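Student: Encoded as structure tokens, here's the structure I'll be asking about.
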Amino acid sequence: MVGRRGAGVELKGYILGLNHEWQDTVHYFLQVDERRLLLNEWLDRRLSLSFLHEKACIHCGRKVQKTYNNGYCYPCFRDLAENDLCIVKPNQCHYHLGTCRDEAWAKQHCLVPHIVYLALSSDVKVGVTRKGNSLKRWVDQGAIQAIPIAELPTRKMAGELEAHLSRYLPDKTNWRKMLAGETAEADLPAVREKVMEWAAEPFRPYLLDEVQLVEIMYPMLEEARKLQSFQLDKQPQISGRLIGIKGQYLIFEHGVFHVKKHVGYKVALEA
């Protein structure tokens, strides 16, 4: 980890992600090559990002003109199991058909228990995540509250329950409302009780009886006032006062920067 408040930081390298540790308030780390910058220490200070007009695949390292699915070259996007359509639509898992791109990867990531949950980010939404990955998933979505509904033995089964429940609830986050703090008022445990009534009979054995409501606090000096989303391809230099971090977004006074969309971009960072 590099940088402490009071000392300037200059980094050059490829953005590899916005990671976090869950404490009373989420601690965010910007990963640039092998280095991590604790961003919480730079709230209320000027942060500058300059695109150096290079991109590289986060899997194979190949230099590319364009990235796919948040940081991959086209061959890796086309061939890797983690980039298959069933990752965003888990009910469409096709492992049982013998057409999975990588059976070993599937056994580690898909043929393991998954949690179906409710999260409150912009509105109450239903989602799926691998067991043990819930907090990361909820923070990445900018949820302020979350609660599990069911634990199912595979990703496909969890996706089928999610698809069933999405008839009644959204399964996506409105990022603008989430960043602006325009969150629906909802009693999540009460919504959960209603949702469990909607679960079709085949899913009922997997509903969880004892669960805990999780509340998440983000490092925010103020809510986002301007929701212009910066894109380094169009605006190669971003500089401004950092007023918050939520989900996968850095929030500046004059706009927001979606880190995940820029994984694989080479940048110079000054803080």
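Those letters in the sequence shown? Residues 505 to 775, per the numbering used here, in order.
Positions of the beta carbon are idealized from the N, C-alpha and C atoms, including for glycine.
Since we're looking at a predicted model, the values are computed, not measured.
(1) Which residue marks the beginning of the beta strand (DSSP E) containing residue 647, and which one marks its end?
(2) How about the stretch 656 to 674 and the stretch 534 to 546: do they share at least three Cβ pairs that are nearer than 8 Å?
(3) Which one of 674, 531, 650 and 552 has the shortest CA to CA distance from residue 719?
(4) Any idea if residue 524 is buried or exposed, counting beta-carbon neighbours within 10 angstroms, 16 or more meaning buried?
(5) Taking Cβ positions, are residue 769 and residue 717 nearer each other than 7 Å?
(6) Count the other C-beta atoms from every protein chain shown that fall within 10 angstroms of the C-beta of residue 704, then say buried if there are 16 or more, exposed otherwise.
(7) What is the C-beta distance between residue 653 and residue 696, in whole angstroms, given that I count them as a contact (C-beta under 8 Å)?
(8) Since residue 666 and residue 632 should fall inside the 8 Å C-beta cutoff, what is the C-beta to C-beta distance between them, to a whole number of angstroms?
(9) DSSP beta-bridge partners for residue 631?
(10) Assuming residue 534 is part of the beta strand (DSSP E), what are its boundary residues?
(11) Let me confirm a value: residue 620 is counted as buried when at least 16 other C-beta atoms fall within 10 Å, else exposed. Which label applies?
(12) Would you tell me roughly how many angstroms separate the C-alpha atoms of residue 581 and residue 570, rounded to the nearest one?
(13) Using the Cα positions of residue 749 and residue 587, report the straight-line distance between them to the nearest angstrom.
(14) Using a threshold of 6 Å, is the CB atom of residue 764 nearer than that to any non-hydrogen atom of the ligand ADP?
(15) Considering just the uninterrupted stretch of the beta strand (DSSP E) at residue 518, what are its terminal residues?
(16) Could you give the DSSP three-state label for residue 562: helix, strand or coil?
(17) Might you give, ordered along the chain, the residues of its own chain that have their beta carbon closer than 8 Å to the beta carbon of residue 741, omitting 5 neighbours on each side?
(18) Tell me which same chain residues have a C-beta within less than 6 Å of the C-beta of residue 759, skipping the five on either side of it?
(19) Using a threshold of 7 Å, state whether the C-beta atoms of residue 585 and residue 566 are closer than that.
(20) Please report the straight-line C-alpha distance between residue 618 and residue 592, rounded to a whole angstrom.
(21) What residue ranges within the stretch 562 to 603 form continuous alpha helix (DSSP H) runs of no fewer than 4 residues, ordered along the chain?
(22) If you reduce the DSSP assignment to three classes, tell me which class residue 540 lands in.
(23) Under the assumption that residue 682 contacts residue 646 (Cβ atoms under 8 Å), give the Cβ distance between them as a whole number of angstroms.
(24) Excluding five sequence neighbours on each side, which residues of the same chain lie with their C-beta closer than 6 Å to the C-beta of residue 721?
Tutor: Reading it off the structure:
(1) Annotation: residue 647 is outside any beta strand (DSSP E) and is labelled neither H nor E by DSSP.
(2) No, the stretch 656 to 674 does not touch the stretch 534 to 546.
(3) Selected option, being the one with the closest Cα: 650.
(4) A buried status is given to residue 524, since no fewer than 16 other beta-carbon atoms sit within 10 Å of its beta-carbon.
(5) Not in contact: residue 769 and residue 717 (Cβ atoms no closer than 7 Å).
(6) Answer is exposed; the Cβ neighbour count stays below 16.
(7) Residue 696 and residue 653 do touch by the CB rule: their CB atoms are close to 6 Å apart, below 8 Å.
(8) Contact flag correct, Cβ pair sits at about 5 Å.
(9) Beta bridge pairing from DSSP links residue 631 with 621.
(10) Counting along the chain, residue 534 sits inside the beta strand (DSSP E) bounded by residues 531 to 536.
(11) Residue 620 is buried by the Cβ-count criterion.
(12) Rounded to the nearest angstrom, the two C-alpha atoms are 11 Å apart.
(13) Residue 587 has its alpha-carbon roughly 26 Å from the corresponding atom of residue 749.
(14) Of ligands this structure carries none, so the ligand ADP is not represented either.
(15) Its beta strand (DSSP E) spans residues 514 to 525.
(16) Three-state result, residue 562: coil.
(17) Cβ neighbours of residue 741 beyond the five flanking positions: 552, 553, 554 and 555.
(18) Contacts found: 730, 732 and 734.
(19) Taking 7 Å as the Cβ cut-off, residue 585 and residue 566 do not qualify as a contacting pair.
(20) Between residue 618 and residue 592, the C-alpha separation is close to 14 Å.
(21) Listed in chain order, the alpha helix (DSSP H) runs fully inside the stretch 562 to 603 are 578 to 583, counting runs of at least 4 residues.
(22) Strand, per DSSP.
(23) About 4 Å separates the Cβ atoms of residue 682 and residue 646, confirming a contact at the 8 Å cut-off.
(24) Once the five neighbours on either side are set aside, the close Cβ partners of residue 721 are 529.
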